[in-house]
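Going left to right, the sequence shown walks through residues 5 to 161 as this note's numbering numbers them.
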Amino acid sequence: MGTGFLPARGSFMLDTIVVGMVLVCIIMIASISIVRFRKNHRLHRAIQTGLAIFLLIAVAGFEIDLNWFTKWRELAEPSPYYAGGWVHRVLWIHLLFAIPTPLIWAGVIVMAWRNYEDGYATEEIKRKHRISGRIAAGMMLMTAITGWVFYWTAFVA
Ligand code: HEM
């Protein structure tokens, strides 16, 4: 068993991220619905900016844990998928989403703060934000889903 609180081999930080990503996805979908159906752009702006700050802190803690404290490979070794290389393959797929996602999010947030004047912007800017916002949200969902698959492959199985 790892040092985490889930009944698996994960560390405390790994477990926190795995559970935290459920909340991040729910809050993100709620925030997009709030602006789409309730037209409450101030709440959407506050939630999206708050989520990004929270994720920045969580990812920093996660990186510190995995680089200096937790030897995740030792925790993953008992998995039946480790020896055949599947744990590493799934990790690579996860990283394909996890690495670009913060960059895309940063871009969407900086552009939105620059271009929206209290929720108002030209149709062109709105269109671009809706498209890039959906890509950013989709990338975050894929980061979460592939992260959960990795966690299961490495620390549950
Ligand atoms: C990564 C962060 C963000 C994501 C993923 C995101 C995502 C989205 C999405 C998908 C929509 C379209 C909703 C629909 O289908 O109608 C939307 C609309 C909107 N967002 Fe964001 N957003 C983010 C950050 C921000 C920020 C920081 C602001 C303000 C500074 C903002 C302001 C707005 C406004 C005013 C709208 C509605 C206006 C419109 O029709 O374009 N967003 N956002």
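Quick reminder that beta carbons are idealized off the backbone N, C-alpha and C, glycines included.
Source: prediction; values computed, not measured.
Residue i to residue j span [Cα, whole Å]
{"i": "TRP152", "j": "ILE33", "result": "18 Å"}
{"i": "HIS45", "j": "TYR124", "result": "9 Å"}
{"i": "VAL3", "j": "MET17", "result": "Nothing about residue 3 can be read from this structure; the chain reaches only from 5 to 161."}
{"i": "SER83", "j": "ILE149", "result": "19 Å"}
{"i": "ARG134", "j": "TRP96", "result": "29 Å"}
Residues bridged to residue i (per DSSP)
{"i": "GLU121", "result": "TYR124"}
Any non-hydrogen atom of ligand 1 within 8 Å of residue i CB
{"i": "MET144", "result": "yes"}
{"i": "ARG77", "result": "no"}
{"i": "HIS133", "result": "yes"}
{"i": "ALA140", "result": "yes"}
{"i": "ILE103", "result": "no"}
{"i": "TYR85", "result": "no"}
{"i": "MET32", "result": "yes"}
{"i": "THR126", "result": "no"}
{"i": "ILE57", "result": "no"}
{"i": "HIS48", "result": "yes"}
{"i": "ILE113", "result": "yes"}
{"i": "ALA116", "result": "yes"}
{"i": "TYR120", "result": "yes"}
{"i": "ILE36", "result": "yes"}
Heavy atom of ligand 3 within 8 Å of residue i beta-carbon
{"i": "ARG40", "result": "Although ligand 3 was asked about, the structure shown includes only ligand 1 as ligands."}
Self-check item: 4-residue-minimum alpha helix (DSSP H) runs that sit fully inside the stretch 81 to 147, ordered along the chain
Solution: As far as the stretch 81 to 147 is concerned, its whole alpha helix (DSSP H) runs of at least 4 residues are 90 to 102 and 104 to 119.
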